[in-house]
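If you read the sequence shown in full-length UniProt numbering, its first letter stands for residue 1, the second for the next number, and so on. Cβ coordinates follow ideal geometry from the N, Cα and C atoms, glycine included. Predicted model only: the values in this text are computed from it and were never measured. Report on the structure given below.
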Amino acid sequence: MSYKPLDPSKVYLITGVAGFIGYYLSKKLLESDCQLVGIDNVNDYYDVNLEKGGLTPGTLMC
1 MSYKPLDPSK VYLITGVAGF IGYYLSKKLL ESDCQLVGID NVNDYYDVNL
51 EKGGLTPGTL MC
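Written out as structure tokens, the structure reads:
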């Protein structure tokens, strides 16, 4: 299976960015100089402290 290369000229939307997969996906995109918008509702279904651990400085939580 082949994948398209990341395109730094695009803006990627990541939902569930504070979760395990969203965190590592957004980390990979940022390391590749891509722009992204991350969304997560950080509800209490999982331990909230685990999800907050995936948020990085500069994260806007509303």
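Neighbourhood of residue i by C-beta distance below 8 Å, restricted to the same chain and skipping five residues each side
{"i": "Gly-22", "result": "Ile-14, Thr-15, Gly-16, Gly-38, Asp-40 and Gly-54"}
{"i": "Pro-8", "result": "Ser-32, Asp-33, Cys-34 and Gln-35"}
{"i": "Lys-10", "result": "Cys-34 and Gln-35"}
Sequence-distant residues of the same chain with beta carbon closer than 6 Å to residue i, five excluded per side
{"i": "Leu-6", "result": "Ser-32 and Cys-34"}
Whether residue i touches residue j by CB criterion (8 Å)
{"i": "Tyr-3", "j": "Leu-36", "result": "no"}
Close beta carbons around residue i, own chain, < 7 Å, minus the five adjacent residues each side
{"i": "Leu-25", "result": "Ile-14"}
In DSSP terms, what residue i is bridged to
{"i": "Ile-21", "result": "Answer is none; Ile-21 lacks a bridge partner."}
{"i": "Leu-36", "result": "Tyr-12"}
Residue i, DSSP secondary structure in three states
{"i": "Lys-27", "result": "helix"}
Chain D within 8 Å of residue i, Cβ atoms only
{"i": "Pro-8", "result": "Annotation note: the requested chain D is absent from the structure, which comprises a single protein chain."}
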